[in-house]
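Before any comments, here is the structure.
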Amino acid sequence: MAHRWKNDLTHDDVTPHAAFLNRRQIMAGMAGAGLATTLGSGQARAATLEPDSFEVITTYNNFYEFGTGKDDPAKNAHMLTTKPWTVTIDGMVDNPGDYSFQDIMSQMTVEERIYRFRCVEAWSMVVPWNGFELADLLNMAGVKSGAKYVAFETLYRPEEMPGQRFRTLDWPYVEGLRLDEAMHPLTIMATGIYGQDIPNQNGAPMRLVVPWKYGFKSIKSVVKITLTDKEPPTSWNKANSREYGFYSNVNPNVDHPRWSQASERTIGGGLFARRKETLMFNGYEDEVASLYEGMDLAKFY
Amino acid sequence: MVNTFNTYLRKIPTWVLYVLGAAYPVWLLYQGLTGGLGVDPVKVMEHALGERALQLLILGLAVTPLRQRVGLNLMKFRRAIGVIAFFYVFAHLLVWLVLDVQILSQVWADILKRPYVTIGMAGFLVMIPLAVTSNNWSVRKLGPTWRKLHKLTYAACLLGGVHFVWLVKGFQLEPLIYLGLIVGLLATRFPNRNKRMAGVQKA
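Protein sequences, first through last, are from chains A and B.
Throughout the first sequence, residue numbering follows full-length UniProt numbering, covering 1 to 301 in sequence.
Throughout the second sequence, residue numbering follows full-length UniProt numbering, covering 1 to 203 in sequence.
Written as structure tokens, this is what we have:
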């Protein structure tokens, strides 16, 4: 199993769901925490992060299956049936088959991961996910040697997902990772937020989270996982390959043709929130840069 | 029906439009400051102003065909519609510049590098001479040139429509509806011209 990843964001970086505290109080509290913990650069960086409330995380979503507006998913996702839920794991695995969500959960260790979340549209938030390492799920299925990539697929059910009635994208939504990215301990399948079941608009009951990549790589409401030896197609790459590469790593030095990626707007900070600089690999450079050693990241964007 | 409508419209003074037009951004700002625009008030303001501007531009384009084909007379309000549209485009630009991008060097880079921003900016620039000459004095002073100059509205509308289509991700319906309306309304100008030209040839 892959080595365990140590979180550098703590509960201090999160607004407790139960208590929607006054922003000033939170900021004052964080300033105090920042002075007290001048340990590592990671912690110092974490102390400057703006926390995001449950409300921000669950009402500001891109989930085009429910509409292209940021508030459409929160409005429409209640139509989605998530019980029962089955995930098909197939391709180059020892134990292919249909796994029920409960079945998977009974074998996985769920933990909390507080991650930065950076959208390709140059906005960001901080999310306290609950989930398990994808590596554990892949190991359960038994990855065969020779497999190089993992392909994912989102549910296609237009009667419950009104956005799928219009071809904004080529449905169903598909995504993919290289096997080493998928096995990386930072990569999780999220099943909760703030200790609760993940809301439908955030990708219930089970979604991928790859914190060093733009948000759209973290495919939601996963129904199929396929191990393959070929680079799988990805939805945004199919829609516009010039703008959305297979890797889509957060990189302040490689601009999207329509957005500078050098800085980001933090959601939830109100009308006058300052922009902040975008960190290489979304702040996870120490952990993941080695995966891309020798690659020209401007070419493999 | 249309005549009753026209009678009522004639009674509305144009200043009412200007007051309502000016109140809208103030109301947006108030909502943004008090949490009424959700968790991302900057984008809501930016998009609302841009969409309102585009809707007004389309309404402005519709004034002539509505009068010719439906008999609905909005001519009296056309100037106010155009001026308020310009005001919203300007406010939209300010929100983008001050609240969204914030960094001046990045603003400039975006204008040069991002085609949809370049197009939006071109649309704004095209509207400046229109806004400046939207007074009686200019109409008198410029004479027939004024009519020619104000054909730039067509360019502004097209640039605005393309700006919207280009900035959204994926294949989305709403911006295409706007662009379709703009192209459709511009197309209504061409048969007239053909007829007129046919008339000239006959003569």
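Positions of the beta carbon are idealized from the N, C-alpha and C atoms, including for glycine.
Spatial distance of residue 93 of chain A from residue 183 of chain A (CA atoms): Their backbone Cα atoms lie some 14 Å apart in a straight line.
Where residue 147 of chain B falls: helix, strand or coil (DSSP): Annotated three-state conformation of residue 147 of chain B is helix, per DSSP.
Cβ contact (3+ pairs, closer than 8 Å) linking the segment 131-147 of chain B and the segment 158-165 of chain B: Using a C-beta cut-off of 8 Å, the segment 131-147 of chain B makes no contact with the segment 158-165 of chain B, since fewer than three inter-stretch Cβ pairs fall below that distance.
When B/115, B/56 and B/6 are compared against residue 20 of chain B, the one with the closest alpha-carbon: When only C-alpha atoms are compared, the closest one is B/56.
For residue 115 of chain A, the three-state DSSP class (helix, strand or coil): It is a strand residue.
Counterpart residues of residue 256 of chain A in DSSP-defined beta bridges: Residue pairing by DSSP places residue 256 of chain A opposite A/259 in a beta bridge.
Coarse secondary structure for residue 82 of chain B, derived from DSSP in three states: DSSP, read as helix, strand or coil, puts residue 82 of chain B in helix.
Test: residue 45 of chain B CB closer than 9 Å to a CB of chain A: Interface criterion met: the Cβ of residue 45 of chain B is under 9 Å from a Cβ in chain A.
Test: residue 173 of chain B CB closer than 9 Å to a CB of chain A: For residue 173 of chain B, the nearest CB of chain A lies under 9 Å from its own CB, placing it at the interface with that chain.
Residue 290 of chain A, DSSP secondary structure in three states: In the structure shown, residue 290 of chain A sits in a helix (DSSP, three-state: H, G or I).
Closer than 9 Å to chain D by CB, residue 170 of chain B: The chain inventory of the structure shown lacks chain D, comprising the protein chains A and B.
Whole-angstrom distance between residue 174 of chain A and residue 66 of chain A, CA atom to CA atom: Whole-angstrom Cα-Cα distance: 16 Å.
Inter-residue spacing [alpha-carbon to alpha-carbon] between residue 302 of chain A and residue 229 of chain A: Absent from the model: residue 302 of chain A. The displayed extent of chain A is 1 to 301, so no value can be given.
Cα-Cα separation, residue 148 of chain A to residue 226 of chain A: Residue 148 of chain A and residue 226 of chain A: Cα-Cα distance of roughly 11 Å.
Span separating the alpha-carbon of residue 125 of chain A from that of residue 262 of chain A: Going by the C-alpha atoms only, they are around 16 Å apart.
Closer than 9 Å at the beta carbon, the chain B residues around residue 241 of chain A: None at all; the shortest Cβ gap to chain B is about 13 Å.
Expected contact under 8 Å - CB spacing of residue 8 of chain B and residue 52 of chain B to nearest Å: The beta-carbon separation of residue 8 of chain B and residue 52 of chain B, rounded to 23 Å, does not stay under the 8 Å limit for a contact.
Expected contact under 8 Å - CB spacing of residue 39 of chain B and residue 59 of chain A to nearest Å: About 6 Å separates the two Cβ atoms, so the contact holds.
Reference residue 101 of chain B; option with closest CA among A/283, A/277, A/296 and A/158: When each option's Cα is compared against that of residue 101 of chain B, the closest is A/277.
Which listed residue (A/117, A/232, A/76 and A/301) has its alpha carbon closest to that of residue 306 of chain A: Nothing in the structure corresponds to residue 306 of chain A, since chain A is present only between 1 and 301.
As assigned by DSSP and simplified to three states, the class of residue 60 of chain A: In the three-state reduction of the DSSP assignment, residue 60 of chain A falls in the coil class, being assigned neither a helical nor a strand state.
Local Cβ density within 10 Å of residue 171 of chain A, reported as buried at 16 or more and exposed below that: Buried is the call here.
Residues in the segment 64-94 of chain A having any Cβ partner in chain B nearer than 8 Å: Residues 64, 68, 70 and 71.
Supposed contact pair residue 96 of chain B and residue 46 of chain B - C-beta distance, whole angstroms, cut 8 Å: Confirmed, about 6 Å.
Length of the line joining the Cα atoms of residue 11 of chain B and residue 79 of chain B: Approximately 17 Å, taken between the alpha carbons.
Residue 241 of chain A, buried or exposed, once every other Cβ within 10 Å from all chains shown has been counted against 16: Exposed, since its Cβ has fewer than 16 Cβ neighbours within 10 Å.
Of the listed residues B/69, B/4, B/13 and B/31, nearest to residue 188 of chain B (C-alpha basis): Comparing alpha-carbon positions, the option among B/69, B/4, B/13 and B/31 lying closest to residue 188 of chain B turns out to be B/69.
Bridge-paired residues (DSSP) for residue 152 of chain A: A/175 and A/225.
Uninterrupted alpha helix (DSSP H) stretches inside the UniProt domain "Ferric oxidoreductase" (61-160) of chain B (no shorter than 4 residues): Those alpha helix (DSSP H) runs which fall completely within the UniProt domain "Ferric oxidoreductase" (61-160) of chain B and span 4+ residues are 78-94, 104-113, 115-132, 136-142 and 144-149.
Separation of residue 147 of chain B from residue 81 of chain B, as counted between CA atoms: Here the alpha carbons of residue 147 of chain B and residue 81 of chain B stand approximately 17 Å from one another.
Bridge partner(s) assigned by DSSP for residue 249 of chain A: Residue 249 of chain A is bridged to A/213.
Local conformation of residue 174 of chain B per DSSP, three classes: Note: residue 174 of chain B maps to helix in three-state DSSP.
is_contact[residue 116 of chain B, chain A] using C-beta, thresh 9 Å: So, interface residue.
For residue 172 of chain B and residue 169 of chain A, the rounded distance between their alpha carbons: Residue 169 of chain A and residue 172 of chain B have their alpha carbons spaced roughly 9 Å apart.
Helix, strand or coil at residue 132 of chain A [DSSP, three-state]: In the structure shown, residue 132 of chain A adopts extended strand secondary structure according to DSSP, grouped into three states.
Residue 219 of chain A beta carbon less than 9 Å from that of residue 203 of chain A: Cβ distance < 9 Å, so residue 203 of chain A and residue 219 of chain A count as in contact.
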